[in-house]
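Notes follow the structure.
Numbering (mature numbering (1 follows the signal peptide of the UniProt record, and there is no 0)), first residue to last: -23 to -1, 1 to 124.
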C-alpha cells in the first residue's frame, strides 16, 4: 500500500511538472534608449517575426508554448546607435532566469534581462558590436525612417 501511494505521488508530481512547463511563455523587448530607435529581428527554428523598429518606450512581444523537453530557443538581432549583436532571448539558461515572462530592456550599454527569479535584478550583456568597431559599422544598415 505504501509503495502504491509513493508511485501515485511521484506520478502526480511528474504530471504537474509537465503541465507547468508547457504553459505559454511571453517574451517582451522594450527600447529603453531615450532619443534613439532600435531595429530588432527575432526568430526561432520555426518562427521569423521579421524586422521591427522600436522608438523609445515601445515594445515588441510574442507568446509561445515551449518544447516539453526544453529545446525551444529564440534569438534576436538588435541594432541601436550604441551597438548591435545577436542574442539568445529565450534559451534554457535564460528560462531559468525569467521563467514564463522574459522581459528584455534594450539599453545604451546593451540588452538587459529582468530576472524575475532573482528579485527583478538585471542580467545585462554588452554590445557584441559596439559603435566604432569597424566590423559593426560594416554590418549596421541604416534604420529606415518613417515618411
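Even glycine gets a Cβ: it sits at the ideal position worked out from N, Cα and C.
As the structure is a prediction and not an experimental result, all values here were calculated from the model.
Consult DSSP for residue 106 and reduce its assignment to one of helix, strand or coil.
Taken through DSSP and simplified to helix, strand or coil, residue 106 comes out as strand.
Backbone CA spacing between residue 123 and residue 17 [nearest angstrom]:
Unreliable positioning characterises residue 123 in this predicted model, as indicated by a pLDDT of 42, which lies under 50. A coordinate reading is not provided.
Go to residue 17, then tell me how far its beta strand (DSSP E) extends in each direction, as first and last residue.
That run of the beta strand (DSSP E) goes 15 to 21.
Here's a check: name, in chain order, each residue in its chain whose Cβ is nearer than 8 angstroms to the Cβ of residue 11, leaving out the five neighbours to either side.
The beta carbon of residue 11 lies closer than 8 angstroms to those of 33 in the same chain, with the five residues before and after it left out.
Three-state secondary structure assigned by DSSP to residue 3:
strand
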